[in-house]
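A.B. asks:
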Amino acid sequence: MPFSHHSHSGQFCPGHAKDSLEEVIQTAISKKMQVFCLTEHMPRQTVDFYPEEVPSSTTLSPSTNLLPLYSHHPLTKKPQIEAGQTEAWHSTNEEAYFTEALRLRAKYASQISILIGFECDWIRPSSESLITRSLTRFPFEFFVGSVHHMHTIPIDYDHDMYRRARDIAGGTDERLFEDYFDAQLDMLKALKPPVVGHFDLIRLKSDDPERSFKVWPGVWERVLRNLKFVVGYGGLVEVNGAALRKGMSEPYPKGEICKELLALGGRFCLSDDSHGVDQVSLNFHRVLEFLDGVGLKSLHYLSLVGEEGGDVMPAPDERFSRTRIAAVSMEEVKEMAFWKA
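Numbering (full-length UniProt numbering), first residue to last: 1 to 341.
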C-alpha cells in the first residue's frame, strides 16, 4: 500500500531509529508511495528516558522511576548521544524536527504528499499536559495516539521490563492486558487521537503473542469497548506492519480485532512504523494478504486541503482544520504503482 501514517528517523529519534529524515522520505518516494506521514516521538520527562537517552553522568536517584531499571544496561554505560539527553534537548529536537519536516515537504511536494505529526507517549494521566504542549507549540496536522508503558514501565523495550510491569499488574499477562486496555481507554478519552497506534502492542513481549484475546473475557470486553469508543469519535485504527518484522504472524491489531472493528463500521489506515530506510513499506505485500483475509473493502488515509484524492470526508477534527480523511477501495489500492516499483 502506498500510504504510511507512522514513521521515525534516526535524525530525530537517535538511538531509537536510524538514517536521516530526508533519506527516509527519499526511500518512500523511490517506492512510489503517495502519502507518507512523519511522526517522530514527542518530548518526554527525564524520568521516562530510554537507556540510550540517559547520559553516562546521570546520577541514579531512588526517586527516579526508570533509571534504576537501566543502571546495568549496556546502553546506559555507552549512550548513543555523546552528551546524553535532557528535557531541554527533547524540546529543541522537536522544534528542529518540525522545521526540517516543513523544508522537506516543500522540497518534495511534487513527488509525495507529506503530513507532519508526532507519536504521543501516554505514560500517566499527566502525559496529557506534555501532549497538549506539543500541539500548542507547533501546527501539527495530526498525531498518533500510543501506549508504550504500563505502570510507567516500557512494555515493548525488552522482556525484563515487560515482566516487571506484569509483576506490578498482578503477575499474569491477563491482568497486564486488562490494565493496558484500561490505560488505552484513558488515552483515547483524553486525547481522541486521529490515528490510534499499534492497538494491541501489549502482546509483543507477552508469553504468547499469537494468543487469541478472546480466551480472556475481561480482556476481550475491554478490546471491544475501546474499539467502540474509537468508532464513536471517528478515529482511524492503523494496521501496523511492524508486528510482522518483529516475528508475529499478523500485524497490529490481530485479525480478530480487525474483524470486530470492521463490523462496527470502523476505519483503517496503514502504517509501516518504519525506523529507518530499510523498514519503509516493509512487509506491505504480507499486509495486503492479511487485509484481504479480514475482508477489508477500503482503506482510509490522511490528506491536506488541496491534496485530496478518492472519497473525501469533511475535516474530522477541529484541532487540525487542514487535515482531511480520504477513502480508496482495496481494488484501487492493488492497481497502484507502488506494487510495480
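Quick reminder that beta carbons are idealized off the backbone N, C-alpha and C, glycines included.
1. Does the separation of the CB atoms of GLU87 and THR132 fall below 7 angstroms?
2. So LEU304 and LEU102 are supposed to be a Cβ contact under 8 angstroms. How far apart are they, rounded?
3. Suppose the cutoff is 7 angstroms on Cβ atoms and the five residues either side in sequence are ignored; what does the same chain contact list for PRO74 look like?
4. Label residue 427 either buried or exposed according to how many other C-beta atoms from any shown protein chain fall within 10 Å of its C-beta, with 16 as the threshold for buried.
5. Are the stretch 160-169 and the stretch 242-252 touching by the rule of at least three beta carbon pairs closer than 8 angstroms?
6. Can you name, in chain order, every residue of its own chain whose Cβ lies under 8 angstroms from the Cβ of ALA96, other than the five neighbours on each side?
7. Can you tell me which of the three DSSP states GLY241 falls into?
8. Quick check on SER57: buried or exposed, where buried means 16 or more other Cβ atoms within 10 Å of its Cβ?
9. Just mark GLY266 as buried or exposed, buried being the case when its beta carbon has 16 or more other beta carbons within 10 Å.
10. If I measure Cβ to Cβ from GLY218 and keep anything under 8 angstroms in the same chain, skipping five residues before and after, which residues do I get?
11. If you follow the alpha helix (DSSP H) that VAL219 is in, where does it begin and where does it stop?
12. Using beta-carbon positions only, say whether VAL287 and PHE268 come within less than 7 angstroms of one another.
13. Give me the Cα-Cα distance between TRP89 and ARG44, rounded to the nearest whole angstrom.
14. Got a sec? Which residues, its chain only, sit under 7 angstroms from TYR162 by beta carbon, not counting five neighbours each side?
15. Is it buried or exposed, VAL215, if we count other Cβ atoms within 10 angstroms and call 16 or more buried?
16. Look at LEU188 and PHE142 and say whether their C-beta atoms are less than 7 angstroms apart.
17. Are the CB atoms of SER271 and GLY16 within a distance shorter than 7 angstroms?
18. So what does PHE3 bridge to, in DSSP terms?
19. Can you tell me whether LYS254 is buried or exposed? The criterion is at least 16 other CB atoms within 10 Å of its CB, across all chains shown.
20. Leaving out five residues on either side along the sequence, give the residues of the same chain with a beta carbon under 7 angstroms from the beta carbon of GLU250.
21. Is the closest heavy atom of the ligand SAH to the C-beta of VAL219 under 6 angstroms?
22. How big is the Cα-Cα spacing for LYS297 and GLY276?
23. Whole angstroms are fine: how far does the CA of HIS41 sit from the CA of GLY10?
24. Please determine, among GLN279, ARG164, SER329 and ILE257, the residue with the shortest C-alpha to C-alpha distance to GLU210.
25. With a CB to CB cut of under 8 angstroms and the five nearest residues on each side skipped, what residues in its chain are close to PHE140?
26. Nearest to LEU261 by alpha carbon, out of ASP317, ILE123, ASN226 and LYS18?
27. For ILE202, tell me which candidate among ASN283, GLY295 and HIS151 has the shortest Cα-Cα distance.
28. Check for me: the beta strand (DSSP E) holding GLU210 runs from which residue to which?
29. According to DSSP, simplified to helix, strand and coil, what is ILE116?
30. Could you tell me which uninterrupted beta strand (DSSP E) segments, each at least 3 residues in length, are contained entirely in the stretch 253-279, listed from first to last along the chain?
31. Could you check how far apart the C-beta atoms of HIS285 and ILE325 are, in whole angstroms? I think they sit under 8 angstroms.
C.D. replies: Taking the structure as given:
1. Contact: no.
2. 13 angstroms between Cβ atoms; not a contact.
3. Low confidence applies to PRO74: its pLDDT is 32, below 50, so where it sits in the model is not reliable, and the reading given next is rough at best. No residues qualify anywhere along the chain.
4. There is simply no residue 427 to check, as the chain begins at 1 and stops at 341 in what is shown.
5. Cβ pair count under 8 angstroms is below three, so no.
6. Within the same chain, ALA96 has close Cβ partners PHE12.
7. Coil, per DSSP.
8. In this prediction, SER57 scores a pLDDT of 49, lower than 50, which makes its location untrustworthy; no coordinate-derived value is stated.
9. So GLY266 counts as buried.
10. GLU174 and GLU178, listed in sequence order.
11. For VAL219, the enclosing alpha helix (DSSP H) has its first and last residue at 217-233.
12. Result no, Cβ atoms of VAL287 and PHE268 do not sit closer than 7 angstroms.
13. When the Cα atoms are used, TRP89 and ARG44 turn out to be separated by approximately 10 angstroms.
14. Leaving aside the five residues that flank TYR162 on each side, the residues in its chain whose CB is nearer than 7 angstroms to its CB run, in chain order, ILE155 and LYS205.
15. By the neighbour-count rule (16 or more Cβ atoms within 10 Å), VAL215 is not buried but exposed.
16. Against a cut-off of 7 angstroms, the Cβ pair of PHE142 and LEU188 comes out as no contact.
17. It is His, not Gly, that sits at residue 16 in the sequence shown. Against a cut-off of 7 angstroms, the Cβ pair of SER271 and HIS16 comes out as no contact.
18. Bridge partners of PHE3: VAL35.
19. By the neighbour-count rule (16 or more Cβ atoms within 10 Å), LYS254 is buried.
20. These residues qualify, in order along the chain: ALA243 and PHE290.
21. Of ligands this structure carries none, so the ligand SAH is not represented either.
22. LYS297 and GLY276 have their C-alpha atoms roughly 30 angstroms apart.
23. Across the structure, GLY10 and HIS41 are spaced so that their CA atoms are roughly 11 angstroms apart.
24. It is ILE257.
25. Same-chain partners within the cutoff: PHE98, ILE116, GLY117, PHE118, SER134 and PHE320.
26. Selection ASP317, ILE123, ASN226 and LYS18 evaluated against LEU261 yields ASN226 as nearest (Cα-Cα).
27. Selection ASN283, GLY295 and HIS151 evaluated against ILE202 yields HIS151 as nearest (Cα-Cα).
28. Element bounds for GLU210: n/a, residue is neither H nor E.
29. Note: ILE116 maps to strand in three-state DSSP.
30. Scanning the stretch 253-279 from its first residue to its last, the whole beta strand (DSSP E) runs of 3-plus residues come out as 267-271.
31. The pair is not a contact, with the Cβ atoms about 25 angstroms apart (cut-off 8 angstroms).
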